[in-house]
DNA sequence: AGAAATCCTAGCAATTTAGTGGGAATTATT
DNA sequence: AATAATTCCCACTAAATTGCTAGGATTTCT
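Chains as they are written, first to last, in the numbering used here: chain A, 319 to 463; chain B, 319 to 463.
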């Protein structure tokens with residue numbers, strides 16, 4: 319259970335967009351250059367973020383990407399959910415075909431209960447963390463060094 | 319980012335042990351039978367839990383496993399950490415060889431910051447959840463059906 | 001002695017991850 | 001109109017991880 323590069327790269331790319339795309343669109347290659355990420359790979363990640371409505375694009379020369387919304391209205395959770403899949407699917411171990419309101423083998427449900435708790439913890443953490451805050455953080459780090 | 323079968327099976331096995339191993343050791347095969355888990359696979363998971371000091375074992379015929387501590391003193395986090403690896407390693411994307419107190423490329427640190435927050439959320443959730451509570455839950459489900 | 005168990009190590013198929021690669025379509029600039 | 005910059009789309013691949021399976025060696029109760 320760990321954050322994959324998808325999530326890490328995605329977060330960094332979105333912060334990068336927040337910093338550099340305010341007045342003009344930013345190309346994949348410039349983000350990839352700054353963030354030292356494979357541009358071909360980043361392309362796919364940004365594609366997902368676009369599909370999810372978090373970034374907008376302008377095609378053609380001098381085109382690129384911009385944040386689709388104010389950074390205050392994008393949470394880390396929004397980004398991670400797109401790239402890491404459902405942050406957590408609360409599923410029983412039983413056959414998913416059967417539609418049982420209350421699991422046959424009750425022990426199975428322990429997992430669900432634990433997972434529910436974990437889920438709440440994660441959601442609370444990432445959904446209250448705005449991109450705006452991350453951008454601020456990133457600027458802060460610069461000043462601090 | 320999801321809970322793998324390791325974590326799910328492990329939680330169920332530990333609850334099973336909590337319920338059935340109070341007075342006598344319980345064999346892998348009996349747990350696997352009740353929980354409908356591959357016994358060969360479960361063996362490996364329990365092996366890790368033993369190595370981590372969460373369960374104790376008695377070898378030979380009529381042997382088996384028991385909880386090493388009171389269920390009140392074992393958290394879901396303890397179990398998940400053993401089976402899911404470090405629940406989350408807070409790493410930068412930069413070279414891990416270099417020992418930089420403050421990252422060169424500050425943007426990298428955004429990931430660290432987000433991850434720290436997520437980590438706190440998860441830890442808060444799973445470390446406050448005791449095995450005793452899960453066992454109670456599991457009994458509760460039985461009564462409810 | 002024999003059976004029931006833990007313990008140890010290795011292998012393996014399926015899935016996921018982290019990319020690479022080849023282009024087609026669109027648009028600004030010259 | 002030509003060119004270059006860029007998004008967009010789809011397919012392929014190598015490495016790692018997951019979820020097992022397999023074959024024993026060892027220990028201990030009966």
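Yeah, the Cβ is synthetic: ideal placement off N, Cα and C, and Gly gets one too.
Bear in mind the structure is a predicted one, so any value in this text is a computation, not a measurement.
How about the segment 432-441 of chain A and the segment 381-390 of chain A: do they share at least three Cβ pairs that are nearer than 8 Å? No: fewer than three Cβ pairs fall under 8 Å.
For residue 384/A, which beta-bridge partners are listed by DSSP? Under DSSP, residue 384/A takes part in a beta bridge, and its partners are 374/A.
Pull up the distance between the alpha-carbon of residue 421/A and that of residue 321/A, whole angstroms please. Its pLDDT being 48, under 50, residue 421/A is placed unreliably in this model, and the value from its coordinates should be taken loosely. Taking the straight line joining both Cα atoms gives about 31 Å.
Output yes if chain A places a C-beta closer than 8 Å to the C-beta of residue 448/B; else output no. Not an interface residue.
Taking C-beta pairs closer than 7 Å, name the residues in chain B that residue 438/A reaches, listed in chain order. Going along chain B in sequence order, the residues near residue 438/A (Cβ under 7 Å) are 443.
Inter-residue Cα distance where the pair is residue 367/A and residue 351/B: Cα to Cα, the separation comes out at about 44 Å.
Counting C-beta neighbours from all protein chains within 10 Å, is the total for residue 381/A 16 or more, i.e. buried, or is it exposed? Taking every protein chain shown into account, the CB of residue 381/A has fewer than 16 other CB atoms within 10 angstroms, so this residue is exposed.
I'd like to know whether the C-beta atoms of residue 436/B and residue 383/B end up nearer to each other than 8 Å. Not closer than 8 Å, so no.
Name, in chain order, the residues that DSSP records as bridge partners for residue 448/B. 393/B, per the DSSP bridge assignment.
State the beta-bridge partners of residue 290/A as determined by DSSP. Because residue 290/A is not part of the residues shown, which for chain A are 319 to 463, the question remains open.
Could you work out which residues of chain A lie near residue 452/B, taking near to mean beta carbons separated by less than 9 Å? Against chain A, the beta carbon of residue 452/B has neighbours under 9 Å at 428, 431, 432, listed in chain order.
Expressed to the nearest angstrom, what Euclidean distance is found between the alpha-carbon atoms of residue 374/B and residue 394/B? Whole-angstrom Cα-Cα distance: 17 Å.
So, for residue 364/A: in the same chain, excluding its five sequence neighbours on each side, which residues have a beta-carbon less than 7 Å away from its beta-carbon? The residues 331, 346, 373, 383, in chain order, have a CB closer than 7 Å to that of residue 364/A in the same chain once the five nearest residues on each side in sequence are set aside.
Going along chain A in order, which residues have a C-beta closer than 9 Å to the C-beta of residue 435/B? Result: 394, 443, 444, 446, 447.
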